[in-house]
Each structure stands twice: as structure tokens, then as C-alpha cells.
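Below you can see the structure in the form of C-alpha cells.
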């Protein structure tokens, strides 16, 4: 797990990484989190999505899993927690 990419989408965080398979190809994994994870070891995923295909490039595997995760998030309700938590938004 060399690449760890975090993206925000509709109030959720998608933490993407990939696993190198014994055959030398990569499988992507995306973790859908309510809170922004510091790193892969501390992620508390609401859902975990694996890419359905294997890829020669690690980054492509991560992108595929993140794309699938956005589809899962589209079926979930909006997550307002990052915006309503104390200190989540600075006030003037």
C-alpha cells in the first residue's frame, strides 16, 4: 500500500489505496469515511469498496475503486457531520 489518496465527495471522505496481488497486478480499495482519516491505519470506514478489476498500474486501481465508491455514496444520504461538528467551519 504505497499510495494513499483522500478525496472529499458529498460530505464523505474517500480514502483510496491499492493492494499488489501475487500475480503482479493491483486491486484498488476505497474506504468511505465520515471523518477525514489521518492515514490508512486509522481509517474508520463506513463502507469499503474494492475495484472489480485488476490493473497494471497502482494509481489506476485506486482511481477505479474511488469511482465505485462515489457510486455508493450517491445512494447514501448527505453527510453533514464535517460541516456541523464544533470547529468544523470557522466563524467570523
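In the working numbering, the protein residues as written are 4 to 95. Built from N, CA and C at the ideal position, the CB exists for glycine as well.
Item: What does the Cβ neighbour count give for residue 41, buried or exposed, with the cut at 16 atoms within 10 Å?; Value: exposed
Item: With 16 as the cutoff for other CB atoms within 10 Å, does residue 11 come out buried or exposed?; Value: exposed
Item: Under three-state DSSP, which class holds residue 37?; Value: coil
Item: For residue 35, which option in 67, 62, 9 has the closest C-alpha, if you only look at C-alpha atoms?; Value: 9
Item: Between which two residues does the beta strand (DSSP E) containing residue 19 stretch?; Value: 15-23
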